[in-house]
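410 is the number of the first residue of the sequence shown in our numbering; add one for each residue after it.
Reading through the structure tokens given below for one structure.
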Amino acid sequence: MTIHEDAPPSPTFADVLNELTFGRKAGDGADAKPTPEPRAPLGPPQPVLVEMPDDDPAMVRPYAMTGGRTKADGDLRVEAMISTTPAGLAEDGLTEIEHRSIARLCRAPKSVAEVSAELDMPLQVTKIVLGDMVATGLVVVHRTTGLSGGSSHLALMERVLGGLRRL
């Protein structure tokens with residue numbers, strides 16, 4: 410293809426866009442401003458429903474269960490034993506579904522780690538929810554043997570070692 414000097418220049422992309430009239434014919438009142446159409450008043454925004462698969466274990470996000478908190482109020486160790494109090498056994502007063510599940514589960518003493526595993530909840534979330542339940546008197550934390558040496562600690566270690574040998 411050869412370019413001739415006497416040929417008229419081809420239109421640029423900007424020239425093509427400038428000639429568009431968007432719904433009006435060229436020269437048909439191109440200088441007149443379009444009158445805006447009245448808009449209908451907007452109502453409140455409609456909620457957007459998102460479908461989640463039934464097999465998704467994270468139907469309720471952890472921050473919803475803990476109220477956005479990331480640390481428990483008290484110091485609950487993973488080996489601490491938890492059991493339901495008589496107030497927790499009366500499930501009519503339990504409004505939170507997590508509280509009901511934990512109250513049912515801890516009728517027999519369970520450790521914090523067991524509660525977390527059996528309810529398929531993250532450990533930190535379990536600690537926060539259990540801390541709330543301890544504060545309201547729905548569950549009680551049983552005292553565990555301290556780690557501060559002594560004959561009771563040594564006896565516990567010997568019992569654990571004996572149990573491991575029997576395995």
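C-beta: ideal position from N, C-alpha, C; glycine also.
- The alpha helix (DSSP H) runs of length 4 or more contained entirely in the stretch 508–563 are, from start to end of the chain, 521–527 and 532–545.
- For THR504, no beta strand (DSSP E) encloses it, and the DSSP letter there is neither H nor E.
- Within its own chain, the residues whose Cβ lies closer than 8 Å to the Cβ of SER520, once the five positions on either side in sequence are excluded, are VAL487, GLU488, ALA489, MET490 and ILE491, listed in chain order.
- Three or more Cβ pairs drawn from the stretch 519–534 and the stretch 497–511 lie within less than 8 Å of each other, which places the two stretches in contact.
- Cβ-Cβ separation between ALA512 and GLU500: approximately 6 Å, consistent with a contact (criterion under 8 Å).
- A straight line joining the alpha-carbon of GLU523 with that of GLY502 spans about 24 Å.
- For SER419, there is no enclosing beta strand (DSSP E), as DSSP gives it neither H nor E.
- For THR494, no beta strand (DSSP E) run applies, since DSSP gives it neither H nor E.
- GLY483 and VAL569 do not touch by the CB rule: their CB atoms are close to 26 Å apart, not below 8 Å.
- Taking C-beta atoms as the reference points, GLY540 and THR494 fail to come closer than 9 Å.
- Taking all protein chains in view, the Cβ of GLY571 is surrounded by fewer than 16 other Cβ atoms within 10 Å, so the residue is classified as exposed.
- Ranking GLY452, VAL549 and LEU485 by CA distance to the CA of LEU498 puts VAL549 first.
- In this structure, DSSP gives VAL487 a state outside helix and strand, which the three-state scheme calls coil.
- PRO518 sits away from HIS562, with the two beta carbons spaced by 9 Å or more.
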